[in-house]
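In our numbering, the protein residues as written are 2 to 175.
Beta carbons are placed, not taken as given, at the ideal position from N, Cα and C, and that holds for glycine.
Written out below as C-alpha cells is the structure these notes cover.
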C-alpha cells in the first residue's frame, strides 16, 4: 500500500512540475492581446501572404519544419482541422522554418512524399518573423483573433483533440 501511495504521490508531483514547465514556456511566447505585426510571408507556390489581409478571420499560425519530428506528426491533424473549420472562418498558415537555399526543395519533397494537402497553407518564416513571434522551438502554434491579436499560443505538439478544443474556443470569441 505504501508503494502505491508513493507512486501516486510521485506521479502527482511529476504532473505539477510538468504544468509548471509548460506555463513557464508559455510565458516566453508573445502575450495574449498583443497585435500581430504587419508581416509579409512568401508563399510556397508563389506570391505573398500579408497577415493584415486575414483580419476578420481566426488565424491558426503554426511554425514548423520538415526536419522536426513532432511537427511532422502534428501536421496531418492541423491540415484536417483546418479544412474542417475553414467554413467557420479559420485560416491555417503553416510557416516553415526550413532555412537556406534548399528550403523550397525540402518542403516540396515533404509535400509530395508525405502531405500534399498541406500545399496551399505553406509560407516561409524567416529569422525576423520567428523572432517577432518568439519562436525558439518547434512546433510553435499561435491563434490570432479576428482583429489580428494573439489569443492563444503553445510551444510543442498538441493532440488532435487539444487542437480542436483550441480552435473551437478561438472561433467562439468575438
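Quick check on this structure: which residue in the options has the alpha carbon closest to the alpha carbon of residue i?
{"i": "residue 53", "options": "42, 132, 171, 76", "result": "42"}
{"i": "residue 92", "options": "33, 84, 99", "result": "84"}
{"i": "residue 176", "options": "124, 37, 136", "result": "Missing from the structure shown is residue 176; the chain here goes from 2 to 175 and no further."}
{"i": "residue 171", "options": "120, 95, 36, 58", "result": "58"}
{"i": "residue 149", "options": "73, 35, 163, 138", "result": "35"}
Can you tell me which residues form a DSSP beta bridge with residue i?
{"i": "residue 173", "result": "Residue 173 pairs with nothing; no bridge assigned."}
{"i": "residue 153", "result": "144"}
{"i": "residue 44", "result": "124"}
Please classify residue i: is it buried, with 16 or more other beta-carbons within 10 angstroms of its beta-carbon, or exposed?
{"i": "residue 99", "result": "buried"}
{"i": "residue 68", "result": "exposed"}
{"i": "residue 141", "result": "buried"}
{"i": "residue 64", "result": "buried"}
{"i": "residue 97", "result": "buried"}
{"i": "residue 168", "result": "buried"}
Practice task
Check whether the region 98-106 touches the region 114-122, counting contact only when three or more Cβ pairs, one atom from each stretch, lie closer than 8 Å.
Solution key: no
Exercise for the section: Could you tell me which uninterrupted beta strand (DSSP E) segments, each at least 3 residues in length, are contained entirely in the region 59-124, listed from first to last along the chain? Expected result: 59-65, 91-97
Handout entry: the region 118-128 in contact with the region 143-158 per 3-pair CB rule at 8 Å
Key = no
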